[in-house]
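Asks: In our numbering, the protein residues as written are 323 to 941.
Handing you this structure, nothing more for now.
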C-alpha cells in the first residue's frame, strides 16, 4: 500500500512517499517497517500550493527512473495525509485528511520505535517533547508563543553572524568557550549576541553558545522538571542538519549518543507519521498525477481571506506616477553637483570643478554607520552606508577611507557633526566639531526639504521617533519603548523568513490587490498571524502589503495613541531606512487620508541633518 505524507510548516514543506507491506493490528505487531520511496524538503516562501506542485513533479521524476514503481503510482491509488502548522488550511481546501503534527510524530514512535521514552522535535517556529509510558496515553508538550529554542531562533543567529545557517555546524564544532545567551526571546538574544560581537568573540564560540542556549531552552521550557529517560528520539530539520545541536542537547540532558536515536529521515518524521495515519480517515485514493492536479488548481483564491485591506496602488503605472510626483516635489538633493560617488557606485572624476567648502555629517547607529558629505548649497557629494559589526570607530574610519578613495583627493572639511548611538565616541576620537541628538538631526533634514513641516516620523531598524512641530519649532517627541514591532527589522526578518530580499518584498507589496490585515502585534505573535494568512491562502504580495499596513498601524495606534489625525498637521515628512519601502509610505497616506513627503535618501537623513548643522544651520 502506497501512502503520501505532506508536512506543511511555517517555512518549509516536507513530503515522504512510503510503501507499507503490512499493518500493525491489535492482535499482531507489525513485521514490516514502511519503505521510504521518495522524499523532498523545500522552503515554500509563503507559496505552499505552488511549491507543493513542484515537489510532486520532482517525486514523479524520481519514480520514473524506477519504471515498476512509476507504473504503479501513476495509475494505482495511494492515500494522503497532511500535517503542519500551515497544513490545516491547505488540507481543507484540497479535501484531504489533516493530522496534528505531534500526533503524527508520536505515531512513528509507537509503530516503529517502541523502546523510545521521549521524543524531542525542533521545527522552524515550534518545539515539542512527547513522553511515552507503556499503557498510558503519550504526554505531549509544545512551546507557547515564544519562538526561543526553535529553528527560526537559529536562523536569526546565522543572520547576525553574517553566515548561512548551514555553516553554523562547522563553526560550532571548532568552539573553545561557551558564553551565556538568552534564548527565551529573539530580542534579548540579539542584544547578547551583538554584545559578544562587539567584544570580538569568535563566530565559532558564538555559534556553539547559541546551540547550547537552544538546548537549555528546550529542556527547561518543555521538560519543566520531568525527568527525561532514555532512549530519546530526535527529529526535525535542525537536528538533521546541525549535528552539533544534538551534542549540546545530550549534554543538557546528561546523556550519551547511545541514549538517543536519530532516524535516517529525521526531518521527515511528521510527514511519515501522517502518511501512516492517512488510511484511518481517507477512503478516496489518488494517483500521483491526480495529486499534482490538486496542487495545480487555484485553491488559494482571495475569496478565502477573512480580513483584507484596500490595495496600496491600482497597478504598476499608478505606483510609478505616484513616485514621479514625489520626486518632483521633494527634489533629489544632488543639484548641479550630482552624486559624485557612493559606496555602491564606481569612483568617478573626483571633485574637479566643484567648489568647497565641504561639510561632513555622520549618524553612528547601534548597527549601522551613515556618512554624508555636502557642499555650501546642501548638495550631496558623497554618501556611505555600512554595518559597523559592533565597532563604530572602525566603521567610521573605513567610511572616511572609502570617501577619500572615491573623491580621488584629500579635501578640507569646513565643518563636521555626529549623531546617534556613537555620537560622543566619534566626536571625541575624531575631533569632530559638533554632536547633536538624533531627533534634532532628523528635524533639520525634514525642515530643509519641507520648510512648513508639521510632523516628522522616523522609523529605523529597531526604533521609532515621532516629532510634532508647531510654528517651526518642536513641540513634543514620542519614541517607541522596549517593543521593536513595526520597525525596519520587523519587515526584514519576515522578508528573509519567506525567502525574499527586502527590496523585492517591498515592491511586491505595492502591487498586492488583497493586502492581508495582520493587525498590530509583536514579532513573536505576528508569526501566528502570518501562518493564519497562509492557511487561508494569502499570497506573498498580500502578506507583504499587510506588513506595510501593520508598521503604520503600530505607530499610530500603539506608539502615538492618536485620537485624531489632525494632530499630525498637513505637512508630514517621513524618513529612516524603513521608508525606502514605498508601500509603507503609501499605507500612511491611506490610513491618515493625508499626503506624505519623503526625500531620496530616507535612510541617510540623520547624517544629512548633521551635515546641515555643521554648515551652520540652526535648530
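Note that the Cβ used here is the ideal one computed from N, Cα and C, for glycine as well.
Keep in mind the model is a prediction, meaning the values are calculated, not measured.
Considering only residues of the segment 707–772, which uninterrupted alpha helix (DSSP H) runs meet the minimum length of 4 residues and lie entirely inside it, listed in chain order?
Replies: As far as the segment 707–772 is concerned, its whole alpha helix (DSSP H) runs of at least 4 residues are 714–729, 745–751, 760–771.
Asks: Between the segment 524–539 and the segment 567–579, do at least 3 Cβ pairs fall closer than 8 Å?
Replies: Yes, the segment 524–539 touches the segment 567–579.
Asks: Can you tell me whether residue 885 is buried or exposed, with buried defined as 16 or more other CB within 10 angstroms of its CB?
Replies: Classification for residue 885: exposed.
Asks: If you draw a straight line from the alpha carbon of residue 680 to that of residue 758, how long is it in whole angstroms?
Replies: Rounded to whole angstroms, residue 680 to residue 758 spans 19 Å at the Cα level.
Asks: Please determine if the segment 543–557 and the segment 517–535 are in contact, where contact requires at least 3 C-beta pairs separated by less than 8 Å.
Replies: No contact exists between the segment 543–557 and the segment 517–535.
Asks: Can you give me the start and stop residues for the beta strand (DSSP E) that residue 371 sits inside?
Replies: Counting along the chain, residue 371 falls outside any beta strand (DSSP E), though it belongs to the alpha helix (DSSP H) covering 370–386.
Asks: List, from N- to C-terminal side, the alpha helix (DSSP H) runs of 4 residues or more that fit wholly inside the segment 520–558.
Replies: Correct list: 525–540.
Asks: Where does residue 596 sit, in a helix, a strand or coil, going by DSSP?
Replies: In this structure, residue 596 counts as helix in the three-state DSSP scheme.
Asks: The beta strand (DSSP E) spanning residue 680 covers which residue range?
Replies: Element bounds for residue 680: 680–686.
Asks: I'd like the span of the alpha helix (DSSP H) that includes residue 327, first residue to last.
Replies: That residue, residue 327, is in no alpha helix (DSSP H); its beta strand (DSSP E) goes 324–330.
Asks: Beta-carbon separation of residue 686 and residue 744 under 7 Å?
Replies: Going by C-beta atoms, residue 686 is nearer than 7 Å to residue 744.
Asks: Which of the three DSSP states is assigned to residue 962 in this structure?
Replies: Missing from the structure shown is residue 962; the chain here goes from 323 to 941 and no further.
Asks: Can you list the alpha helix (DSSP H) stretches of 4 or more residues lying completely in the segment 414–461, in chain order?
Replies: The segment 414–461 contains these whole alpha helix (DSSP H) runs: 423–434.
Asks: Between which residues of its own chain and residue 910 is the CB-CB distance below 6 Å, once the five residues before and five after are set aside?
Replies: Closer than 6 Å at the Cβ level, and outside the excluded window around residue 910, lie 874, 918.
Asks: Classify residue 589 as buried or exposed, calling it buried when 16 or more other Cβ atoms lie within 10 Å of its own Cβ.
Replies: Residue 589 should be labelled buried.
Asks: How would you call residue 325, buried or exposed, if buried means at least 16 neighbouring beta carbons within 10 angstroms?
Replies: Residue 325 should be labelled buried.
Asks: Taking all protein chains shown into account, decide if residue 328 is buried (16 or more other Cβ within 10 angstroms of its Cβ) or exposed.
Replies: So residue 328 ends up on the buried side.
Asks: Which term fits residue 335, buried or exposed, when burial requires 16 or more other beta carbons within 10 angstroms of its beta carbon?
Replies: The residue is buried, with at least 16 neighbouring Cβ atoms inside 10 Å.
Asks: Do residue 900 and residue 635 count as a contact pair if the criterion is CB distance below 7 Å?
Replies: In this structure, residue 900 does not lie closer than 7 Å to residue 635 by Cβ.
Asks: Tell me whether residue 788 sits in a helix, a strand or coil according to DSSP, three-state version.
Replies: Strand, per DSSP.
Asks: With burial defined as no fewer than 16 other Cβ atoms inside 10 Å of the residue's Cβ, what is the status of residue 801: buried or exposed?
Replies: With fewer than 16 other Cβ atoms within 10 Å, it is exposed.
Asks: Can you have a look at residue 473 and say buried or exposed, based on whether 16 or more other CB atoms are within 10 angstroms of its CB?
Replies: Residue 473 comes out buried.
Asks: Among 563, 431, 460, which one has its Cα closest to the Cα of residue 321?
Replies: In this structure the chain extends from 323 to 941, so residue 321 is not present and cannot be described.
Asks: Among the candidates 821, 895, 796, whose CA atom is the shortest distance from the CA of residue 923?
Replies: Answer by Cα proximity: 895.
Asks: Based on the DSSP output, what are the partners of residue 798 in its beta bridges?
Replies: Residue 798 pairs with 790.
Asks: Just to confirm, are residue 599 and residue 429 a CB contact at a threshold of 7 Å?
Replies: For residue 599 and residue 429, yes; Cβs fall inside 7 Å.
Asks: If you check the beta carbons only, do residue 368 and residue 813 fall under 7 Å apart?
Replies: Against a cut-off of 7 Å, the Cβ pair of residue 813 and residue 368 comes out as no contact.
Asks: For residue 735 and residue 486, I'd like the C-alpha separation in whole angstroms.
Replies: Cα to Cα, the separation comes out at about 41 Å.
Asks: Given this structure, state the Cα-to-Cα distance separating residue 515 from residue 416, to the nearest angstrom.
Replies: Distance between the alpha carbons of residue 515 and residue 416: 43 Å.
Asks: Can you give the beta carbon distance from residue 929 to residue 683, rounded, assuming they're within the 8 Å contact cut?
Replies: Rounded, the Cβ-Cβ distance is 4 Å, consistent with contact.
Asks: Output the distance between the C-alpha atoms of residue 601 and residue 403, rounded to the nearest integer angstrom.
Replies: In a straight line, the C-alpha of residue 601 is about 8 Å away from that of residue 403.
Asks: What's the C-alpha gap between residue 596 and residue 418?
Replies: For residue 596 and residue 418, the distance between alpha carbons rounds to 11 Å.
Asks: Just the C-alpha distance for residue 620 and residue 414, rounded to the nearest angstrom, thanks.
Replies: Per-residue confidence for residue 620 stands at a pLDDT of 49, beneath the threshold of 50, marking its modelled position as unreliable; the derived number appears in the next sentence. Cα-Cα distance, rounded: 13 Å.
Asks: Exposed or buried, what is residue 625 when buried is set at 16 or more other beta-carbons lying within 10 Å of its beta-carbon?
Replies: With a pLDDT of only 45 at residue 625, under 50, the local geometry of the prediction cannot be trusted, and no value is derived from it.
Asks: Is residue 865 helix, strand or coil by DSSP?
Replies: The answer is helix: DSSP assigns residue 865 an H, G or I state.
Asks: CA-CA distance, residue 722 and residue 705?
Replies: Computed Cα separation, rounded: 10 Å.
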